[in-house]
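In what follows, a single structure is set out as structure tokens and then discussed.
Residue numbers (the UniProt record's numbering): 1 to 302.
What follows is the structure, encoded as structure tokens:
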């Protein structure tokens with residue numbers, strides 16, 4: 001099977017959200033970075049274990065307000081309507097050809113208790129995505145971020161989510177059809193996910209909703225180093241077998257004009273891409289890795 005033609009992307013080099021988890025998440029930057037360099041999956045419990053009913057009640061109201069804001073926004077409704085696009089629906093049908101249900105795993109959702117609303121809107125999007133899947137949804141959304149507190153875990157559970165109690169370092173194997181929702185995670189986390197699923201049959205069972213792989217490729221070509229090519233070798237190599245569909249077309253003048261009052265906050269939610277893996281069962285993925293091993297050798301020689 002010939003690799004699909006990749007969409008031409010022109011990411012904004014000044015938009016740090018292309019390469020970082022969230023442009024407004026600086027208070028948790030050190031924690032997020034610790035998650036990014038996670039190498040060994042291990043049991044996890046919240047660092048903040050306090051459980052205050054009043055705090056949880058306030059946080060639940062904040063989440064309910066964010067869900068209403070998402071539901072009542074034009075961009076939120078556009079997201080749900082774009083999910084019904086024939087191109088995306090066709091890929092979902094292929095995904096469920098062997099198993100009728102799809103699991104959503106959400107990594108890096110951030111702190112839903114933070115001052116800005118981005119993380120709460122990210123969770124709102126995941127909840128609505130799970131609802132949109134309807135009968136094909138495998139069950140509750142599984143969520144994880146090492147910055148979550150016990151209070152946040154309790155609120156997420158009350159919204160129907162399952163909080164993962166093991167820091168998987170994004171190394172979950174796609175044994176069943178899975179949508180990995182990874183809003184603005186660092187590149188290393190996408191690399192971890194791909195390495196854990198570096199077989200054609202496993203990649204075909206998964207979809208990644210997150211940072212544009214094309215934007216990472218653009219970054220490496222324009223500003224990256226040999227070290228980037230080595231540490232992101234699977235992320236860059238697999239792109240030739242990925243169909244990338246942007247969640248929202250921010251270059252569309254009509255979209256910008258009609259949604260001017262919502263753009264700033266919702267860019268933190270909808271500035272992502274769907275990634276569908278299209279490759280044959282006999283695709284030689286090892287050759288992709290070897291290509292970057294050679295570049296690693298040349299890097300150290302120089």
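Cβ atoms here follow ideal geometry from the backbone N, Cα and C, with glycine treated the same way.
These numbers come from a predicted model, not from an experiment.
Notebook entry, point to check: Applying the criterion that 16 or more other CB atoms from any shown protein chain within 10 Å of the CB defines a buried residue, is residue 103 buried or exposed?
Noted result: Along the chain shown, read from residue 1 onward, the residue named residue 103 stands at position 103. Buried, by the Cβ-count rule.
Notebook entry, point to check: Could you check where the alpha helix (DSSP H) with residue 58 kicks off and where it finishes?
Noted result: Locating residue 58 in the chain shown gives position 58, counting from the first residue. From DSSP, the alpha helix (DSSP H) with residue 58 extends over 53-72.
Margin query: Relative to the C-alpha of residue 121, which candidate in 283, 270, 286, 274 has its C-alpha closest?
Written below: For this step, residue 121 is matched to residue 121 along the chain shown. Ranking the options by Cα distance to residue 121, first place goes to 270.
Checklist line | Segments of 3+ residues assigned as beta strand (DSSP E) that fall wholly inside the region 237-283 | finding: Qualifying beta strand (DSSP E) stretches, in chain order: 242-246, 273-277.
Check: If you draw a straight line from the alpha carbon of residue 277 to that of residue 246, how long is it in whole angstroms?
Finding: Position 277 of the chain shown, counted from the start, is the residue given in the question as residue 277. Position 246 of the chain shown, counted from the start, is the residue given in the question as residue 246. Approximately 15 Å between the Cα atoms of the pair.
Checklist line | Unbroken alpha helix (DSSP H) run spanning residue 133, endpoints | finding: Residue numbering aside, residue 133 sits at position 133 when the chain shown is read from its first letter. Start and end: 118-133.
Next item on the list: Have a look at the DSSP bridge pairing and note the partners of residue 209.
Entry: The residue labelled residue 209 in the question sits at position 209 within the chain shown. DSSP, once it has assigned bridges, lists 181, 274 as partnering residue 209.
Notebook entry, point to check: Going by alpha carbons, who is nearest to residue 163 out of 143, 177, 138?
Noted result: Along the chain shown, read from residue 1 onward, the residue named residue 163 stands at position 163. Check the Cα spacing between residue 163 and each of 143, 177, 138: the tightest is with 143.
Next item on the list: Go ahead and label residue 256 buried or exposed: buried means 16 or more other beta carbons lie within 10 angstroms of its beta carbon, across all protein chains shown.
Entry: The residue you call residue 256 lines up with position 256 of the chain shown. By the C-beta density criterion, residue 256 is exposed, having fewer than 16 other C-beta atoms within 10 angstroms.
Note to self: I'd like to confirm the pairing. Which residues does DSSP put opposite residue 162 in its beta bridges?
What the structure shows: Here residue 162 refers to the residue found at position 162 of the chain shown. Looking at the DSSP assignment, residue 162 forms a beta bridge with 142.
Next item on the list: Give every residue of the same chain whose Cβ lies closer than 6 Å to the Cβ of residue 56, excluding the five residues on either side of it in the sequence, and list them in chain order.
Entry: Position 56 of the chain shown, counted from the start, is the residue given in the question as residue 56. Once the five neighbours on either side are set aside, the close Cβ partners of residue 56 are 151, 154, 155.
Notebook entry, point to check: Per DSSP, residue 106 is paired with what?
Noted result: For the purposes of this step, residue 106 is identified with residue 106 of the chain shown, where counting begins at 1. Residue pairing by DSSP puts residue 106 in a beta bridge opposite 143, 181.
Item checked: Paired residues, beta bridge with residue 50 - DSSP -> To locate residue 50, count along the chain shown from 1; it is residue 50. Per the DSSP secondary-structure output, residue 50 pairs with nothing in a beta bridge.
Next item on the list: Could you tell me whether the Cβ atoms of residue 197 and residue 173 are closer together than 8 Å?
Entry: As a working note, residue 197 is residue 197 in the chain shown. As a working note, residue 173 is residue 173 in the chain shown. For the pair residue 197 and residue 173, the CB atoms are nearer than the 8 Å cut-off.
Next item on the list: Mind reading off the beta-carbon distance from residue 141 to residue 127? Whole number of angstroms is fine, and I expect it under 8 Å.
Entry: For the purposes of this step, residue 141 is taken as the residue at position 141 of the chain shown. For the purposes of this step, residue 127 is taken as the residue at position 127 of the chain shown. Sure, about 7 Å apart at Cβ, within 8 Å.
Note to self: In whole angstroms, give me the CA-to-CA distance for residue 181 and residue 188.
What the structure shows: By 1-based counting over the chain shown, the position of residue 181 is 181. By 1-based counting over the chain shown, the position of residue 188 is 188. Taking the straight line joining both Cα atoms gives about 15 Å.
Note to self: Need the endpoints of the alpha helix (DSSP H) that residue 188 sits in, please.
What the structure shows: Counted from its first residue, the chain shown places residue 188 at position 188. Counting along the chain, the alpha helix (DSSP H) containing residue 188 begins and ends at 187-196.
Check: Excluding sequence positions up to five away, which residues of its chain have a Cβ less than 8 Å from the Cβ of residue 79?
Finding: The count along the chain shown starts at 1 and reaches residue 79 at position 79. In the same chain as residue 79, and ignoring 5 residues on each side of it, the C-beta atoms closer than 8 Å to its own belong to 125, 128, 247, 248, 270, in chain order.
Margin query: For residue 225, list the residues DSSP reports as bridge partners.
Written below: For the purposes of this step, residue 225 is taken as residue 225 along the chain shown, with counting starting at 1. Note: residue 225 sits in no beta bridge, so no partner.
Margin query: Between which residues of its own chain and residue 279 is the CB-CB distance below 6 Å, once the five residues before and five after are set aside?
Written below: Residue 279 sits at position 279 when you count from the first residue of the chain shown. Annotation for residue 279: 200, 241 place their beta carbon closer than 6 Å to its own, counting only its chain and skipping 5 residues before and after.
Checklist line | Alpha-carbon spacing of residue 139 relative to residue 161, whole angstroms | finding: Locating residue 139 in the chain shown gives position 139, where the first residue counts as 1. Locating residue 161 in the chain shown gives position 161, where the first residue counts as 1. Taking the straight line from one Cα to the other gives about 9 Å.
Next item on the list: Measuring alpha carbon to alpha carbon, tell me which of 288, 267, 283, 282 ends up nearest residue 308.
Entry: In the structure as shown, the chain begins at 1 and stops at 302. Residue 308 is therefore absent and cannot be evaluated.
Checklist line | Rounded separation between residue 81 and residue 110 - CA only | finding: The count along the chain shown starts at 1 and reaches residue 81 at position 81. The count along the chain shown starts at 1 and reaches residue 110 at position 110. For residue 81 and residue 110, the distance between alpha carbons rounds to 26 Å.
Margin query: From the DSSP secondary-structure annotation, give me the bridge partner or partners of residue 100.
Written below: The residue labelled residue 100 in the question sits at position 100 within the chain shown. Residue pairing for residue 100: DSSP places it in no beta bridge.
Next item on the list: With distances taken Cα to Cα, identify the nearest neighbour of residue 194 among 100, 286, 265.
Entry: In the chain shown, counting from the first residue as 1, residue 194 sits at position 194. Residue 194 has its Cα closest to that of 286, out of 100, 286, 265.
Next item on the list: Determine the burial state of residue 115: buried for a count of at least 16 other Cβ atoms within 10 Å of its Cβ, exposed for fewer.
Entry: By 1-based counting over the chain shown, the position of residue 115 is 115. Residue 115 is classed as exposed because its beta carbon has fewer than 16 other beta carbons within 10 Å across all chains shown.
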